[in-house]
Every structure is written in C-alpha cells, then in structure tokens.
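Novice: FYI, the numbering for the sequence shown is 2 to 220, going by the working numbering.
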Amino acid sequence: MRSETSKSWTLAYGIDYFPNVLLSIRDALALEVPDELDVPPKMEGFIPDLSSLVTTDSRSVAGLQWLDWWRSTVNAYVRLSSMVRVDEEPTRHRAEVLHDHIDPPGFESLSGMSNLHSGVVRVFGECSHRVITMQRDMACSQEQDMFDWELGKSAAEEVAARYHTEVGRLRATVSVLLVKGVWFYKADRGFAQCSLAASQDQTMSRDIVIRAFESSLGM
2 MRSETSKSWT LAYGIDYFPN VLLSIRDALA LEVPDELDVP PKMEGFIPDL
52 SSLVTTDSRS VAGLQWLDWW RSTVNAYVRL SSMVRVDEEP TRHRAEVLHD
102 HIDPPGFESL SGMSNLHSGV VRVFGECSHR VITMQRDMAC SQEQDMFDWE
152 LGKSAAEEVA ARYHTEVGRL RATVSVLLVK GVWFYKADRG FAQCSLAASQ
202 DQTMSRDIVI RAFESSLGM
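Here it is as structure tokens:
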C-alpha cells in the first residue's frame, strides 16, 4: 500500500494481496456468488478450473458463504485503513486484524462454513501463488500509473472547496483489485475498491479519489 500525503490530506492506495486471493478462489472454484454491487468482476488472466473440488449441489451455498467471507474481509481492511496505530509495529498489527478472517493453512475461521471450507483449504496455495505471480508480472510494474500526489492534491482541494471544509479532514484509501474491466465500489467511509483499469484511467481515477474523499466526510 502506497501513500500520497501532505500535511493536511492523505490518500493511500495499492494492490491488496488477500482480497485478490479471495477473488482467485471464487473464480477457480466457480462459486455461484450473487450479483451484488459490492461483488467484483472476474479476475484478469488465466483462471484454473478447480471447480471439481466443490460439489455441484453445494456450489450455490458455498457462493453465499464466500460472499460473507468477502464482506468480513473487506470490513477488516476498512478497520485497518481507519485505525490510528500508536506504539505498534504496523506489520504485526495488520496480521492480527486479518487473522480472524484469513488464517491459512487450516482456515479455522471458516470451520462453520463447511461447503466453502474444504475447497478453500485445498486451493489456497495455488490461488495465492497465482496472485503473487500476477502482482509481479502485471500489476506492480503498473503501480506508477495509478493515483499520484498531484491527483490527490487537486482532488482534495476540489472536495474541500465544494463542502467548505478543511483539507485536513480528508483521508481516503483505495484498494486495487486485479479484475476485468473498469469497476469501482465505495465500500465504506473513506474506503473504495476499484479495478486496475479504473485506477489507470485518468478520468475515472480522479472520480474515484474525489468520491473516496467525499465519503470520508460522510457524503
């Protein structure tokens, strides 16, 4: 996660590893997930077919369980983005918050979701490797084309002027997902998710930052 900041506003952004792994698991197992606004599109690139690891009659139930898992994980990232860390080592703190939601290799946190649990345990390693490879080969080399300081500055100034407030109140985080197409979702106050393509589109990326800053004010 990178951060563009001044003494008054902060914009954090980056390609979060675990959310992308959850998406890779969803696609590899061909889970039947409801088409909700907060459900991202399918991932970019090759998707291995591991659907046989979940029986056909349990795929829809596993899809609903995956959606609960996805939402709880996103909420954990929202918490991380808003917490003020005082006298704590950031990496350790991050691991502690996420462990309740993502705890390989056994995934005890999913033990109550039997239709989903066994499939996740069996495919996590492969899906994790896939995301790491995608980050290395496709995403990390393109992070420079995402949001930058000038965009954050101009967006913060525009939002502050529009709502007659101080730019110092503006804090936003954008989590970039390696999914297809131009996609954006405002997940919570000051926290947004978008596709890699959206983050690299000049018009769309500015709109994402503006809306994330606006939501940090409760708009």
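Just so it is clear, CB atoms sit at the ideal spot from N, CA and C, and this is done for glycine as well.
Would you verify that the beta carbon of residue 13 is, or is not, closer than 9 Å to some beta carbon of chain C?
Specialist: This model lacks chain C altogether; it includes just one protein chain.
Novice: Name the residue from 195, 38, 29 and 193 whose alpha carbon lies nearest to the alpha carbon of residue 47.
Specialist: Against the sequence shown, residue 47 aligns to sequence position 46. Of the listed residues, the one whose Cα sits closest to residue 47 is 29.
Novice: Buried or exposed for residue 150, going by 16 or more other Cβ atoms inside 10 Å?
Specialist: By 1-based counting over the sequence shown, the position of residue 150 is 149. Exposed is the call here.
Novice: Can you pull the DSSP bridge partners for residue 195?
Specialist: Position 194 of the sequence shown holds residue 195. Answer is 177 and 185, bridged to residue 195.
Novice: Would you give the residue range spanned by the beta strand (DSSP E) that residue 14 belongs to?
Specialist: In the sequence shown, the residue the question calls residue 14 occupies position 13. Note, residue 14: beta strand (DSSP E), 11 to 16.
Novice: So, residue 39 versus residue 186, is the Cβ gap smaller than 9 Å?
Specialist: Start at 1 with the first residue of the sequence shown, and residue 39 comes out as number 38. Start at 1 with the first residue of the sequence shown, and residue 186 comes out as number 185. Their beta carbons are under 9 Å apart, which means residue 39 touches residue 186 by this criterion.
Novice: Return yes when the Cβ of residue 31 is within less than 9 Å of the Cβ of residue 72, no when it is not.
Specialist: Start at 1 with the first residue of the sequence shown, and residue 72 comes out as number 71. Start at 1 with the first residue of the sequence shown, and residue 31 comes out as number 30. No, the Cβ-Cβ distance between residue 72 and residue 31 is not below 9 Å.
Novice: Look at the Cβ atom of residue 66, then the Cβ atom of residue 12, and state whether they are nearer than 9 Å.
Specialist: Taking the sequence shown and counting its residues from 1, the one referred to as residue 66 is at position 65. Taking the sequence shown and counting its residues from 1, the one referred to as residue 12 is at position 11. No.
Novice: DSSP beta-bridge partners for residue 44?
Specialist: As a first step, residue 44 must be located in the sequence shown, where it is residue number 43. 180.
Novice: With the cut-off set at 9 Å, would you say residue 20 and residue 194 are in Cβ contact?
Specialist: Here the question's residue 20 lines up with position 19 in the sequence shown. Here the question's residue 194 lines up with position 193 in the sequence shown. Cβ atoms of residue 20 and residue 194: closer than 9 Å.
Novice: With distances taken from CA atoms, which of 16, 106, 81 and 147 is nearest residue 97?
Specialist: As a working note, residue 97 is residue 96 in the sequence shown. Among 16, 106, 81 and 147, the Cα nearest to that of residue 97 is on 81.
Novice: Quick check on this structure: which residue in 153, 33, 173 and 10 has the alpha carbon closest to the alpha carbon of residue 79?
Specialist: For the purposes of this step, residue 79 is taken as the residue at position 78 of the sequence shown. Of the listed residues, the one whose Cα sits closest to residue 79 is 173.
Novice: Looking only at DSSP bridge pairs, what is residue 172 linked to?
Specialist: For the purposes of this step, residue 172 is identified with residue 171 of the sequence shown, where counting begins at 1. DSSP output for residue 172 lists 11 as bridge partner(s).
Novice: The alpha helix (DSSP H) spanning residue 78 covers which residue range?
Specialist: Counting from one through the sequence shown, the residue named residue 78 turns up at place 77. 60 to 83 is the span of the alpha helix (DSSP H), which, as asked, contains residue 78.
Novice: Using 8 Å for Cβ pairs, my map puts residue 159 next to residue 211. What's the rounded Cβ distance?
Specialist: The count along the sequence shown starts at 1 and reaches residue 159 at position 158. The count along the sequence shown starts at 1 and reaches residue 211 at position 210. Yes, residue 159 and residue 211 are in contact; Cβ-Cβ is about 6 Å, under 8 Å.
Novice: Would you kindly check if the distance between the Cβ of residue 191 and the Cβ of residue 155 is under 9 Å?
Specialist: Along the sequence shown, one-based indexing puts residue 155 at 154. Along the sequence shown, one-based indexing puts residue 191 at 190. No; because the gap between Cβ atoms is not below 9 Å, this pair is not in contact.
Novice: If you run the structure through DSSP and keep just helix, strand and coil, what is residue 114?
Specialist: Here the question's residue 114 lines up with position 113 in the sequence shown. Correct three-state label for residue 114: coil.
Novice: Are the CB atoms of residue 16 and residue 197 within a distance shorter than 9 Å?
Specialist: The residue you call residue 197 lines up with position 196 of the sequence shown. The residue you call residue 16 lines up with position 15 of the sequence shown. Taking 9 Å as the Cβ cut-off, residue 197 and residue 16 qualify as a contacting pair.
Novice: Hey, would you say residue 117 sits closer than 9 Å to residue 75, going by beta carbons?
Specialist: Position 116 of the sequence shown, counted from the first residue, corresponds to residue 117. Position 74 of the sequence shown, counted from the first residue, corresponds to residue 75. No. Outside cutoff.
Novice: So the candidates are 83, 131 and 70; which of them puts its Cα closest to the Cα of residue 104?
Specialist: Reading the sequence shown from its first residue, position 103 is the one you call residue 104. The shortest C-alpha separation from residue 104 is found at 70.
Novice: When the Cα of residue 102 is compared with those of 182, 123, 23 and 49, which residue comes out closest?
Specialist: As a first step, residue 102 must be located in the sequence shown, where it is residue number 101. Out of 182, 123, 23 and 49, 23 has the C-alpha closest to the C-alpha of residue 102.
Novice: From which residue to which residue does the alpha helix (DSSP H) around residue 152 run?
Specialist: Indexing the sequence shown from 1 puts residue 152 at position 151. Taken as a continuous stretch (DSSP letters only), the alpha helix (DSSP H) holding residue 152 covers 150 to 163.
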